[in-house]
Amino acid sequence: MDMKYVQTTCPYCGTGCTFNLVVRDGKVIGVAPYHRSPVNEGKVCPKGTYAHEFVNHPDRLTTPLIKKDGKFVEASWDEAIDLIAKKFKQYKPDECACLSSARVSNEENYVMMKFARGVMKTRHIDHCARLCHASTVAGLAATFGSGAMTNSILDIAESKCMFILGSNTFEQHPLIGRKVMQAKMKGAKLIYADPRYTPTAKQADLYMQFRSGSDVAILNGLMQEIIKNGWEDKEFVKNRTKDFDKLKEEVMKPDYSLENVSKISGIPVAQLKTCAEWFAKAESACILYSMGITQHTVGVDNVKSVANIQMLTGNLGKPGAGVNALRGQNNVQGACDMGALPVVFTGYQKVIDEAAHKKFADAWGFPDGICEPKNGYEVTTMMDVLADKPGELKCMYIMGENPMISDPDLHHVEKAIKNLEFLVVQDIFMTETSELADVVLPATCYAEKDGTQTSTERRVQMWRKAQDAPGQAKLDWEITSMIAAKMGYGKQFAWKSAEEIFNEIAKVTPSYGGMNYTRLGRPEALHWPCPTAEHPGTPILHKEKFAHPDGLGQFFACSWKPPAEVPDAEYPYILTTGRCIWHWHTGTMTRRSKDLEAEEPTGWIEINPEDAKVLGVQNKEMVKAITRRGEVKVPARVTKDIMKGVMFMPFHFKECAANVLTNNALDPIAKIPEFKACAIRVEKIKEA
Ligand SMILES: Nc1nc2c(c(=O)[nH]1)N[C@H]1C(S)=C(S)[C@@H](COP(=O)(O)OP(=O)(O)OC[C@H]3O[C@@H](n4cnc5c(=O)[nH]c(N)nc54)[C@H](O)[C@@H]3O)O[C@H]1N2
Ligand SMILES: Nc1nc2c(c(=O)[nH]1)N[C@H]1C(S)=C(S)[C@@H](COP(=O)(O)OP(=O)(O)OC[C@H]3O[C@@H](n4cnc5c(=O)[nH]c(N)nc54)[C@H](O)[C@@H]3O)O[C@H]1N2
Ligand code: SF4
Ligand SMILES: [Mo]
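Rendered as structure tokens:
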């Protein structure tokens with residue numbers, strides 16, 4: 312028997328924990344602790360514990376599949392790649408779109424980005440960050456000049472006051488939750504605001520329950536209270552920021568008196584007062600946020616408001632402070648860094664910037680040039696164009712995304728995808744999306760590849776190959792490169808290893824410029840920006856100045872607006888959606904993990920007992936949940952943990968898919984959908 316441990320990083324969340332994969336006779340059979348990572352020090356959450364279980368699941372895709380007469384037929388790689396290359400060449404650049412993936416490595420995202428812009432020559436490339444932290448990228452770039460988490464995970468343990476808003480940290484980033492507890496044990500205060508009394512709420516010193524969609528009002532109210540009491544950091548505001556007057560004019564309006572904010576949000580005035588005082592008076596105070604802030608039609612305003620309160624209180628550029636936007640997927644930070652977005656190349660170099668465009672065109676050397684220097688469509692725009700303007704987009708290449716469960720308003724998505732003439736999906740399992748494809752390509756999973764991924768704290772860490780791919784599955788970058796070569800661009804895609812790709816990334820990306828596999832292989836790896844080979848990396852951003860050319864932080868006055876769809880007589884409740892600790896998004900991996908699936912085998916809708924009484928609904932009773940977009944049957948979970956008037960559904964479960972119900976109204980700047988608030992009605996199911 313041959314046994315070995317292979318050190319790698321977790322394929323689930325953006326915390327970026329390291330563990331060992333246990334390999335017996337060439338097969339991954341378990342997960343064992345790796346103690347030297349400063350992030351998780353050998354600990355993992357349930358998803359990390361069982362991260363081996365889906366790897367050798369019999370459902371893994373093992374050969375390319377081509378749809379013939381409506382049925383998938385096994386094909387050779389040659390056949391599949393020939394067909395794809397022939398088809399891709401038939402379309403004009405603007406008729407094609409690519410979706411990259413926050414699940415795969417930096418190298419694989421870079422290759423997909425180069426493929427989209429260099430081979431397909433299309434402007435249309437995006438990925439699931441659109442559904443996730445697009446508001447953060449836009450909001451923090453506007454306020455600070457850089458759209459990333461400002462401090463590090465370890466730094467959270469140094470904070471004196473933590474305000475968690477719109478993040479269920481203990482379920483969704485459990486090993487960051489551990490840092491929150493370490494700070495608490497050292498005497499820090501924890502303030503938590505969420506419409507649900509989550510496991511995170513249970514640890515809070517102050518818990519504020521509120522109606523989804525009132526964040527700007529809450530933050531403006533807190534800022535009014537801080538300014539009224541003179542608790543703002545006057546030095547910081549004077550020396551490091553601009554446009555404070557504009558902010559002040561807005562937040563001092565009577566609309567944001569604590570009494571009025573209490574009416575909008577449902578939080579008692581006394582709690583808001585305590586929150587403002589604890590927060591402003593702490594020696595250092597950080598904010599942790601995630602989807603509760605970003606997934607709104609006012610997502611960018613929400614993020615700007617978080618940035619505003621941190622500039623107002625001088626809580627930036629120092630330990631224990633910061634705007635900690637907790638990025639979700641394992642490599643969503645990296646996918647953004649690699650330019651898998653419709654507006655930037657790697658390292659946020661703008662596509663419309665002539666110098667940047669020329670830099671990439673020259674570095675890549677495509678004899679027939681690259682995409683136009685114009686911004687492309689976001690995922691959400693792609694779906695709207697496909698559904699509403701048939702014939703404009705015709706061909707799509709999706710790697711590692713499952714929009715048929717994860718995008719808002721699934722009937723709309725289905726209509727959109729069915730309007731495609733040619734769809735290629737590259738995944739590790741057959742999914743609701745790949746079912747609609749013309750060609751399905753079998754990829755390798757994290758346990759079968761070398762590469763790097765970038766966690767929420769901008770830490771770039773290694774994946775290490777632990778076993779061979781099942782059947783004929785291939786590395787994502789290899790597959791994309793094979794298509795490129797078949798289309799006549801072998802020279803631009805001639806890498807022999809992930810490391811060679813990384814070295815190309817480092818050359819064209821200043822913030823990754825000083826990184827290489829030797830430096831990244833150390834237990835603590837490196838935080839970007841790391842511009843030179845001697846640079847130690849940057850755990851805390853904006854220490855001396857912000858990333859804008861003038862070095863100043865920019866205040867924005869934001870006024871509160873209600874969600875796009877609010878309750879009315881027909882749909883009297885607010886629906887909000889999210890996750891649970893056991894499952895991952897569309898469930899392709901966690902629902903194939905027997906230990907995780909056993910914990911939570913299906914979905915539910917949380918209903919407050921008072922609302923349930925009015926509806927005549929019992930706990931565990933199957934009910935019909937209905938919105939303007941559709942209806943699903945789902946078991947009721949009657950619980951005081953959810954605020955009266957609000958209902959919650961996790962979106963992991965295809966048999967009661969929350970996204971049949973959600974609204975695809977978008978933030979005008981970030982184009983992120985409003986997953987966190989729409990209007991819903993619940994009905995008892997009449998017995999036949
Ligand atoms: N177990 C598990 N962990 C995950 C994931 C997973 O699928 N499963 N996904 C990962 C990904 S990609 C992401 S992006 C993160 C997401 O991490 P989180 O954002 O922490 O997760 P969510 O459950 O989407 O939403 C967080 C909270 O927002 C609250 N909320 C609802 N409406 C509002 C509102 O209007 N305002 C505010 N402030 N809060 C509101 C919800 O009640 C919920 O408790 O998790 C990552 N971690
Ligand atoms: N209602 C509602 N909807 C939401 C959200 C919400 O809060 N509420 N949250 C949104 C957010 S924040 C996010 S991030 C999205 C996530 O949306 P998606 O990214 O669509 O969800 P995943 O299930 O993570 O899908 C990733 C796919 O990648 C595949 N995969 C995994 N590893 C690999 C690999 O190595 N190679 C390849 N080729 N494929 C691989 C998986 O099998 C899966 O099919 O969902 C969004 N949808
Ligand atoms: S906290 Fe996130 S990175 Fe760490 S083990 Fe859990 S899912 Fe993996
Ligand atoms: Mo996400």
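If you count the sequence shown from 1, you need to add 311 to reach the numbering used here. C-beta: ideal position from N, C-alpha, C; glycine also. Values in this document were obtained by computation on a predicted structure and should not be read as measured data.
Q | Close Cβ partners of Val-609 (< 7 angstroms) along its chain, the five nearest in sequence each way excluded | A | Looking up residue 609 in the sequence shown gives position 298. The answer, listed in chain order, is Val-527, Lys-872 and Asp-978.
Q) Below 8 angstroms between beta carbons: does that hold for Gly-645 and Asp-466? A) The residue labelled residue 645 in the question sits at position 334 within the sequence shown. The residue labelled residue 466 in the question sits at position 155 within the sequence shown. It is not a contact, given that the beta carbons lie outside the stated cut-off.
Q: Give, in chain order, every unbroken run of the alpha helix (DSSP H) that is at least 4 residues long and sits entirely within the region 788-820.
A: 809-819
Q.
Contact defined as beta carbons within less than 8 angstroms: I believe Gly-450 pairs with Val-614. What is the distance between those atoms, to the nearest angstrom?
A. Position 139 of the sequence shown, counted from the first residue, corresponds to residue 450. Position 303 of the sequence shown, counted from the first residue, corresponds to residue 614. Going by Cβ atoms, the distance from Gly-450 to Val-614 rounds to 3 angstroms, so yes, they are a contact pair.
Q | Beta-carbon gap between Thr-657 and Asp-664 smaller than 8 angstroms | A | As a first step, residue 657 is located in the sequence shown; it is residue number 346 there, counting from the start. As a first step, residue 664 is located in the sequence shown; it is residue number 353 there, counting from the start. Not in contact: Thr-657 and Asp-664 (Cβ atoms no closer than 8 angstroms).
Q. First and last residue of the beta strand (DSSP E) that includes Asp-738?
A. By one-based count along the sequence shown, residue 738 stands at place 427. Asp-738 -> beta strand (DSSP E) spans 733-738.
Q: Have a look at the DSSP bridge pairing and note the partners of Glu-994.
A: Position 683 of the sequence shown holds residue 994. Lys-935, per the DSSP bridge assignment.
Q: Return yes when at least one heavy atom of ligand 4 lies under 7 angstroms from the C-beta of Pro-614, else no.
A: Counting from one through the sequence shown, the residue named residue 614 turns up at place 303. The residue asked about is misnamed: residue 614 is Val in this sequence, not Pro. Incorrect: Val-614 has no Cβ contact closer than 7 angstroms to ligand 4.
(Q) Quick check: the region 778-790 against the region 412-430, are at least 3 beta-carbon pairs closer than 8 angstroms? (A) yes
Q | Glu-966 - DSSP class collapsed to helix/strand/coil | A | Mapped onto the sequence shown, residue 966 falls at position 655. Helix, per DSSP.
Q: Check whether the Cβ of Tyr-757 lies closer than 7 angstroms to any heavy atom of ligand 2, and answer yes or no.
A: Translated into the one-based positions of the sequence shown, residue 757 becomes position 446. Tyr-757 Cβ: within cutoff of ligand 2.
Q | C-alpha distance - Thr-509 paired with Asp-370, whole-angstrom precision | A | The residue you call residue 509 lines up with position 198 of the sequence shown. The residue you call residue 370 lines up with position 59 of the sequence shown. So the alpha carbons of these two residues sit roughly 34 angstroms apart.
Q. Is it a yes or a no for the region 471-482 touching the region 915-924, going by three-plus beta-carbon pairs under 8 angstroms?
A. no
**Q.** Backbone CA spacing between Ser-766 and Ala-880 [nearest angstrom]
**A.** Counting from 1 along the sequence shown, the entry for residue 766 is found at position 455. Counting from 1 along the sequence shown, the entry for residue 880 is found at position 569. Whole-angstrom Cα-Cα distance: 44 angstroms.
Q | Cβ neighbours of Met-314 in the same chain (closer than 6 angstroms, five flanking residues each side left out) | A | Residue mapping note: residue 314 aligns to position 3 of the sequence shown, counting from 1. Correct list, in chain order: Arg-335.
Q | Validate contact between the region 669-679 and the region 373-386 using beta carbons, cut 8 angstroms, 3 pairs | A | no
Q: Taking only heavy atoms of ligand 1 into account, decide whether any of them is closer than 7 angstroms to the Cβ of Trp-871.
A: Working through the sequence shown from its first residue, we reach residue 871 at position 560. The answer is no for Trp-871.
Q: Taking only heavy atoms of ligand 3 into account, decide whether any of them is closer than 7 angstroms to the Cβ of Pro-485.
A: Locating residue 485 in the sequence shown gives position 174, where the first residue counts as 1. Within the cutoff, so yes.
**Q.** Backbone secondary structure at Val-572 - three-state DSSP
**A.** What you label residue 572 is simply residue 261 of the sequence shown in a count that begins at 1. Note: Val-572 maps to helix in three-state DSSP.
Q: With DSSP as the reference, label Glu-588 as helix, strand or coil.
A: On the sequence shown, position 277 is the one that residue 588 refers to. It is helical.
Q. Can you tell me where the alpha helix (DSSP H) with Arg-489 in it begins and where it stops?
A. Within the sequence shown, numbered from 1, the residue matching residue 489 stands at position 178. From DSSP, the alpha helix (DSSP H) with Arg-489 extends over 485-496.
Q.
Looking only at its chain, what residues have a beta carbon closer than 6 angstroms to the beta carbon of Met-519, apart from the 5 residues adjacent to it on each side?
A. Taking the first residue of the sequence shown as 1, we reach residue 519 at position 208. Same-chain partners within the cutoff: Ala-504, Ile-578 and Gln-582.
Q.
Checking the sheet assignment: what are the DSSP bridge partners for Cys-891?
A. On the sequence shown, residue 891 is found 580 positions in, with the first residue counted as 1. In DSSP, Cys-891 forms no bridge with anything.
(Q) Measuring straight from C-alpha to C-alpha, what distance separates Tyr-421 and Arg-770? (A) For this step, residue 421 is matched to residue 110 along the sequence shown. For this step, residue 770 is matched to residue 459 along the sequence shown. The alpha-carbon atoms of Tyr-421 and Arg-770 are separated by roughly 17 angstroms.
Q.
Let me check you understand the geometry: is the CB of Phe-351 closer than 7 angstroms to at least one non-hydrogen atom of ligand 3?
A. Here the question's residue 351 lines up with position 40 in the sequence shown. For clarity, residue 351 is Asn in the given sequence; the question names Phe instead. Yes, the beta carbon of Asn-351 sits closer than 7 angstroms to at least one heavy atom of ligand 3.
(Q) Can you check which of these residues, His-444, Gln-772, Leu-747 and Lys-776, is closest to Tyr-757 by C-alpha distance? (A) Position 446 of the sequence shown holds residue 757. The candidate whose alpha carbon is nearest that of Tyr-757 is Lys-776.
Q: Under the assumption that Thr-552 contacts Ala-596 (Cβ atoms under 8 angstroms), give the Cβ distance between them as a whole number of angstroms.
A: Taking the first residue of the sequence shown as 1, we reach residue 552 at position 241. Taking the first residue of the sequence shown as 1, we reach residue 596 at position 285. No, Thr-552 and Ala-596 are not in contact; Cβ-Cβ is about 17 angstroms, not under 8 angstroms.
**Q.** Opposing strand residues paired with Val-355 [DSSP bridges]
**A.** Sequence index remark: in the sequence shown, residue 355 carries index 44 (1-based). Paired residue(s): none; Val-355 is not in a bridge.
(Q) Which same chain residues end up closer than 6 angstroms to Thr-901 when comparing Cβ atoms and leaving out the 5 residues on each side of it in sequence? (A) As a position in the sequence shown, residue 901 is number 590, starting the count at 1. Contacts found: His-894, Trp-895 and Leu-907.
Q.
Out of Lys-965, Ser-387 and Ile-937, which one is the CA nearest neighbour of Lys-995?
A. Residue 995 sits at position 684 when you count from the first residue of the sequence shown. Looking at the Cα atoms, Ile-937 is the closest of the given residues.
Q: Could you pull the start and end residues of the beta strand (DSSP E) that Lys-944 belongs to?
A: Mapped onto the sequence shown, residue 944 falls at position 633. That run of the beta strand (DSSP E) goes 941-949.
Q: Pull up the CB-CB distance for Ala-408 and His-435, whole angstroms please, since I reckon it's below 8 angstroms.
A: Here residue 408 refers to the residue found at position 97 of the sequence shown. Here residue 435 refers to the residue found at position 124 of the sequence shown. So it is a contact: roughly 4 angstroms between Cβ atoms.
Q. Does at least one heavy atom of ligand 2 sit under 7 angstroms from the Cβ of Asn-479?
A. The residue given as residue 479 occupies position 168 in the sequence shown. No, ligand 2 has no heavy atom inside 7 angstroms of this Cβ.
Q | Cβ contact check for the region 952-961 and the region 880-892: 3 or more pairs under 8 angstroms | A | yes
(Q) Considering only their Cβ atoms, is the gap separating Val-751 from Ile-709 smaller than 8 angstroms? (A) For this step, residue 709 is matched to residue 398 along the sequence shown. For this step, residue 751 is matched to residue 440 along the sequence shown. Not closer than 8 angstroms, so no.
Q: Note down, one range per segment and in chain order, each alpha helix (DSSP H) of at least 4 residues found wholly within the region 425-459.
A: 445-455
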